[in-house]
Every structure is written in C-alpha cells, then in structure tokens.
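Have a look at the structure below, then the notes.
Numbering (our numbering), first residue to last: 25 to 79.
This is the structure in structure tokens:
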C-alpha cells in the first residue's frame, strides 16, 4: 500500500517541485530584469565577458 502512494504522489511531487523552480526563475527574471533594470541575460547589453585572451 505504501508503494502505491509513492507511485501516485511521487510524480506529483516532482512536478510540483519543477513548477516551483520555474516560477521562482521567472519571478527572479521579472523582478531584477524588468522592475530593477539589471542585465539578467547576455542578450541584455554586453553581458558577461570572458576574462582571458582568446587565440
């Protein structure tokens, strides 16, 4: 019986964790990117720079 509960609620828990992670990421991008105006992506302005000389 305990194994059946794990088979039922396990995927739901993983899905809920994935949804929570996605919502946290989108909230971070919205707050820091739109509201505060920071560069949160390399598509916004120059983005991160490689600190070493390239050949």
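In this text, a Cβ means the ideal position worked out from N, Cα and C, and glycines have one as well.
Backbone secondary structure at residue i - three-state DSSP
i	result
residue 54	helix
residue 40	helix
residue 61	coil
residue 77	coil
Whether residue i touches residue j by CB criterion (8 Å)
i	j	result
residue 64	residue 49	no
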